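Some notes on the structure that comes next.
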Amino acid sequence: MSEVLVAAEQIRNALKLAKVRIYDDPAATLMPPAALVFAPELTLAVGNDATDATFPVLLVVADDKSSVDRLAQLIPVVAQAIHDNVENAVVRSAQPGAYNAGGTVLPCYQLNVEVAL
108 MSEVLVAAEQ IRNALKLAKV RIYDDPAATL MPPAALVFAP ELTLAVGNDA TDATFPVLLV
168 VADDKSSVDR LAQLIPVVAQ AIHDNVENAV VRSAQPGAYN AGGTVLPCYQ LNVEVAL
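Using this note's numbering, you'd call the opening residue of the sequence shown number 108 and step up by one each time.
And the structure:
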């Protein structure tokens, strides 16, 4: 399981390099641009060792007329930071959504970061 923890830490460090505030507590009051790294989906091999992990990473911005533009600018920066700084990782997809941050609904994208362990 330690490889999963190492990958999660590498993702958090890459997000810091992309100048995004990292939050570990989903109930925290966010100050966008913000990111949350959630527990990964694991692919298990015979013997129950994890071979791959897919981390949901939420990128959250303030809700105003520039939200879509900010997300569009932020996604490639974050994806490149992950590509450059996380071993065996790739951002496979990004889905738009909304994140409820303490009663305030904020625009977001969920990036699915796949890591070969």
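By construction, the Cβ of each residue, glycine as well, lies at the ideal position given by its N, Cα and C atoms. Model, not experiment: these values are computed from the prediction.
Asked, Found
"Along the beta strand (DSSP E) that carries D191, what are the first and last residues, could you check?", "Where D191 is concerned, there is no enclosing beta strand (DSSP E), although the alpha helix (DSSP H) it sits in stretches over S174 to N192."
"Tell me whether the beta-carbon of I189 lies closer than 7 Å to the beta-carbon of V220.", "yes"
"With a CB to CB cut of under 7 Å and the five nearest residues on each side skipped, what residues in its chain are close to N195?", "V222 and A223"
"Are at least three pairs of beta-carbons, each pair with one atom in the stretch 204 to 219 and one in the stretch 127 to 139, less than 8 Å apart?", "yes"
"By the three-class DSSP mapping on this structure, what secondary structure does N155 have?", "coil"
"Where does V168 sit, in a helix, a strand or coil, going by DSSP?", "coil"
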